[in-house]
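At position 116 of the sequence shown the residue is numbered 116 (my numbering), and the sequence of numbers has no breaks. Before any comments, here is the structure.
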Amino acid sequence: MENNNKNDKLHVIRYRGCQPLSTTKEGKLFKFVIPYDHKCKLTIHVESNNKEPHNACLISIESHSLDMKSFAFQNGFSISKHIGIYKYLKFNAINEVEIIAEKFDHDISVRIIRWSTDTKNIVIKRFDVKFESPKQTHSEAIKWLEHDYFVVGKSSNHTRALDILRNEFKFGSFPITSLPLDSIWSANPFNDRNWQWRLHQLEFSKYLLEAHVATGDTKYISKLEELIKSWVNNNKVEPYPSEFSWHDHSSAIRLNNLIKSWLYFNKMGWNNICSIIEKVSVQHCLFLAQEKFYSKHTNHGFDQSLSLYFGALVFLSWEQQHNLVALALSRIKDELEFAFTVEGVHVENSPGYHAHMLCEIIRIKNIFQFTDILFFNYLNSILESGIDYLIHMNTPNGKISLLGDSEELSLNNLLLKAETKNIEQLKYIMTKGQDGVVPVQKNYIAVNAGYAVYRNTWRFNDLAQIHLILKCGYLSNYHRQDDDLNILLHAYGEDWFIDSGLYKHDHQDEIRDYMRGPFAHNIPIPKGSKTLRKIKQIGVNCKFERHNVNDQAFCVNATTSMFDGFIVKRVVEVTANNEINIIDSVSSGEVSDSSYVTLFHFPKDKVIDNSDKNRIVIKSSLGKSMFIDCTAKGLFEVRVTKGKDKEYPSFTSKKYGELEESYCISFHIESGSSEYRISFD
């Protein structure tokens, strides 16, 4: 009997791998991909205004091939000769029905039934569930890897590949260098860890594969075969030639390059090198699976987990891969749930890494359509909110904000494949208003991550556009710089307050140490203070205390304890006429006032006049002037320094390894708060 009670509503909430396949007259057909614990959950919400006590709601399950007694016993159901196997459901509540799907290879029919003593059973809803094992879905996943993820491109420029044939290697912005094959893996010609990292991840394989696709000349893949064999032979036993031989991150990326090479060689029928790659790739999988090498809750850990998942799928038999695939999947989920805040902001302190991680999610998310539809949906939700962050953090010049370990780069066009509701707004940003839709909000705040953004207009042809970013938050040690309370300002078509950028991944480099330290940022610094660099030392004490951020107002009170023994506070407010007011204060223990210096860094094209310490004038080559009016009882000196100044140096790095001098204005405060009113003419 059909349901005629309009007060009854049913929601089947898809859960743990449940994916709608089609809709029939009877209802929807769902597919369950059985997880490794063999437990599938149907989450069902039944709403009803009918509160008659003699009414009840049941879930009934039928299957022609089902052993009813066995199923009922395993799954906690009851048996009725009239209804079959059933469980009671609660009205106006979430009902989780767990089905233990051990060795399921058949389909079931599910009915939600209203039952009463004085009427016949009324079927509220009916749907069918089709079960698929992970073994079936992972074969689909491997096909996807070959045809959609590890795709070899076709390049018309073979310069890099030709260089490699002569044992000449170029990575990123490093100069090309010639290396003898017998000592290549211990080489470090630039005394730079990033160069060694790129060598040992086999980055060069991309260029050789692309050259073979374009030309068909086997010399390119013969060279790749030679280099892979060389790496395998020279990195078997300790002492290894480099710290990156079996490094947590280089090993993960190397496994990806080995998978890509194996898929290509396998298609070509090069069985000898395929056998070598298979053996060393299994070794990589076992290495990455070890807990002691797992860099949990970092971008390294995410790459490790993903590579382990891919490697286990491709190189291990079904019997072997079971545990490693399950381990990799659980790690991937855990990594992403940790890596992004509830606002969808990546926790590793850098807009550049945030954009990179969103691109990674776009690259990988479709594989979870085969293996875990719930996680697939979760990834889409990260993309939605993560893109919202990028929309606001991208500067009016079309570049990624130079905060943390970022480089001044344009956003990757891959982001436009995110298929989110706000993708047209991102397109507007990336095309500088030439395409897409104008974003809804001008101002933005992510309280948990510690970012607040002011923008007065989205019109890119408006030279009066102002874009200000305030950062204050600490959720991860990775790519963290000492930049709490930092401000970046782009206005009237040019940069004003600028930041240091990444420069290098070399912790021994004194410039790199400066770039991540407090003196490279636009912040107040207590005199003689020590900077704390561990999240356990600072944690939640870097935060926005109060905030009023919407399209009619921008005011944020931020505080940090990253200086040992000091509490530093900053208030940033933008007025209706676009004047920027900043108030700084520093306290230590029982002493409410401490001496400190407030720094502001400017590009080298600016001309600075500090003849009046209470009103600093900064002029640009485009004819615009910024005024900083300082009000502070304890102000005793204002200095302007540039480049390699011993006390207050100033540098910026827009691209990896490249260094540019800049100016620093330092306001020296003996005690009390200091206020800076910033205006333009």
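Built from N, CA and C at the ideal position, the CB exists for glycine as well. Being a predicted model, the structure only gives us computed values, none of them experimental.
- Partner residues in the beta bridge of N581, as assigned by DSSP, are E573 and R677.
- Shown here, M562 sits in coil according to DSSP, grouped into three states, outside any helix or strand.
- Distance from the CA of S109 to the CA of I367, rounded to the nearest whole angstrom, comes to 27 Å.
- About 5 Å separates the Cβ atoms of S587 and I567, confirming a contact at the 8 Å cut-off.
- In the structure shown, the three-state DSSP call for F71 is helix.
- Non-local beta-carbon contacts of D513 in its own chain, meaning distances under 8 Å to residues more than five positions away in sequence, involve H507 in chain order.
- Under the DSSP assignment, T159 falls in the alpha helix (DSSP H) whose first and last residues are T159 to L165.
- Here DSSP, grouped into helix, strand and coil, assigns T215 to helix.
- Contact check for L208 against L224 passes: the beta carbons are separated by less than 9 Å.
- Per DSSP, K427 is one residue of the alpha helix (DSSP H) stretching across I423 to M430.
- Counting along the chain, the unbroken beta strand (DSSP E) around V597 starts and ends at Y596 to F602.
- E408 counts as buried, since no fewer than 16 other beta carbons sit within 10 angstroms of its beta carbon.
- Below 8 Å, too few C-beta pairs join the segment 237 to 245 and the segment 280 to 294 to call them touching: fewer than three.
- In the three-state reduction of the DSSP assignment, V540 falls in the helix class.
- Look at P518 here: in three-state DSSP terms it is helix.
- Membership of W195 in the alpha helix (DSSP H) is indicated by the continuous run R193 to H200.
- Secondary structure of E660 (DSSP, three-state): strand.
- Under DSSP, M626 shares a beta bridge with I618 and F680.
- Here DSSP, grouped into helix, strand and coil, assigns G528 to coil.
- Looking at the backbone, the Cα of L162 and that of F174 are separated by about 17 Å.
- With 16 or more neighbouring CB atoms inside 10 Å of its own CB, F370 falls in the buried class.
- Counting only runs of 4+ residues, the alpha helix (DSSP H) found wholly inside the segment 291 to 348 occupies 299 to 315 and 318 to 339, in chain order.
- Within a 10 Å sphere around the beta-carbon of M268 sit fewer than 16 other beta-carbons, which makes this residue exposed.
- Counting only the Cα atoms, Y353 lies some 11 Å from R480.
- Judged by beta-carbon spacing, N349 lies beyond the 9 Å limit of L470, meaning their Cβ atoms are not closer than that value.
- Between L379 and Y428, the alpha-carbon positions lie close to 23 Å from each other.
- Non-local C-beta neighbours of D303 in its own chain, meaning closer than 6 Å and more than five positions away in sequence, comprise A252, ordered along the chain.
- Rounded to the nearest angstrom, the Cβ distance from L463 to G493 is 5 Å, consistent with a contact under 8 Å.
- DSSP, read as helix, strand or coil, puts V556 in strand.
- Residue environment analysis places I259 among the buried positions, since at least 16 neighbouring C-beta atoms fall within 10 angstroms of its C-beta.
- Scanning its chain for C-beta atoms nearer than 6 Å, with the 5 sequence neighbours on each side dropped, one finds around N256 the residues S307, in chain order.
- About 12 Å separates the beta carbon of L414 from that of I423, a gap too long to meet the 8 Å contact definition.
- Taking the Cα of E140 as reference, the smallest distance to any Cα among G634, D372 and M626 is reached at D372.
- A Cβ-Cβ distance of about 5 Å is found for the pair P351 and I400, placing them in contact under the 8 Å criterion.
- F680 is a Cβ neighbour of A491, given a cutoff of 9 Å.
- As DSSP reads the structure, H547 sits in a beta bridge with V556.
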